[in-house]
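Peer 1:
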Amino acid sequence: MLGCSTIRLQDYENSWKTYQNTRYGFEFPYPSGWYEMKSDNNDGIMFISPKKSSVQIRGWAGNQIVPHITGDIDTKTPMNNSNFKNVQGIPGMITVEIGARESLITLKLSQNRIKYYWQGKAPSQEFDDYYQFFYYIAENYRLPELKIKDIRK
Numbered sequence: 019m020l021g022c023s024t025i026r027l028q029d030y031e032n033s034w035k036t037y038q039n040t041r042y043g044f045e046f047p048y049p050s051g052w053y054e055m056k057s058d059n060n061d062g063i064m065f066i067s068p069k070k071s072s073v074q075i076r077g078w079a080g081n082q083i084v085p086h087i088t089g090d091i092d093t094k095t096p097m098n099n100s101n102f103k104n105v106q107g108i109p110g111m112i113t114v115e116i117g118a119r120e121s122l123i124t125l126k127l128s129q130n131r132i133k134y135y136w137q138g139k140a141p142s143q144e145f146d147d148y149y150q151f152f153y154y155i156a157e158n159y160r161l162p163e164l165k166i167k168d169i170r171k
């Protein structure tokens, strides 16, 4: 019987919380009751399922290195190489990596010289059960609202 153990979003109805990052301003929903592990430099967080520690979600951000300083030119910007939009309509890239033991879904967004990331991880044999759950969280990963002065930079 395939899909019998699929994690349903309804299972978490009325039990979602929102993580808000104070350093970079991003936020995303996570199920209440999941264990949290904050980073030392406040650039992100990881949540671990209380039912299975190998199921995790994490979000983080970091400043982009300016290409003219490093000599690197990144032609793959989210604007010209996106396959995803969050609920705010911000384009990004979402990828799925299926490994022998664990699998990942990773979201990458960038805005105002900051790169934002979100990732869901589960054992490969169970990843399909978590896919919709992970995708829902990725869709609801929000970036800080841009102000007029930010757009002019």
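So for the sequence shown, this note's numbering puts the first residue at 19; every next one is plus one. Heads up, the beta-carbon is just placed ideally off N, CA and C, and yes, glycines get one too.
Beta-carbon separation of Y154 and F44 under 8 Å?
Peer 2: For the pair Y154 and F44, the CB atoms are not nearer than the 8 Å cut-off.
Peer 1: Checking the sheet assignment: what are the DSSP bridge partners for I66?
Peer 2: BP columns for I66 point to Y53 and Q74.
Peer 1: Can we say the segment 111-122 touches the segment 134-143, given the rule of at least three CB pairs closer than 8 Å?
Peer 2: Below 8 Å, enough C-beta pairs join the segment 111-122 and the segment 134-143 to call them touching: three or more.
Peer 1: Going residue by residue through the segment 94-166, where are the continuous beta strand (DSSP E) segments of at least 3 residues, counting only ones entirely within it?
Peer 2: Qualifying beta strand (DSSP E) stretches, in chain order: 109-116, 120-129 and 132-141.
Peer 1: Go to T36, then tell me how far its beta strand (DSSP E) extends in each direction, as first and last residue.
Peer 2: W34 to Q38
Peer 1: Under three-state DSSP, which class holds N81?
Peer 2: The answer is strand: DSSP assigns N81 an E or B state.
Peer 1: Look at the alpha carbon of N104 and the alpha carbon of R160, and state the distance between them as a whole number of angstroms.
Peer 2: 7 Å
Peer 1: Are the Cβ atoms of N101 and I112 separated by less than 8 Å?
Peer 2: yes
Peer 1: Between the Cα of E163 and the Cα atoms of K56, Y42, T36 and G80, which residue gives the shortest distance?
Peer 2: Y42
Peer 1: I believe F65 touches W52 by the beta-carbon criterion, under 8 Å. Please report the beta-carbon distance rounded to the nearest angstrom.
Peer 2: 4 Å
Peer 1: Is it right to say V73 is buried, meaning 16 or more other beta carbons lie within 10 angstroms of its own, or is it exposed?
Peer 2: buried
Peer 1: Reducing DSSP to helix, strand and coil, say where F44 ends up.
Peer 2: coil
Peer 1: Return yes when the C-beta of R131 is under 7 Å from any heavy atom of the ligand ADP, and no when it is not.
Peer 2: For the structure depicted, the ligand ADP is absent and the ligand set is empty, with no information on it obtainable.
Peer 1: Can you name, in chain order, every residue of its own chain whose Cβ lies under 7 Å from the Cβ of Q106, other than the five neighbours on each side?
Peer 2: R160 and L161
Peer 1: Under 8 Å Cβ to Cβ from D61, same chain only, skipping five residues before and after it: list those, please.
Peer 2: Same-chain partners within the cutoff: N39, R41, Y42, W78, A79 and G80.
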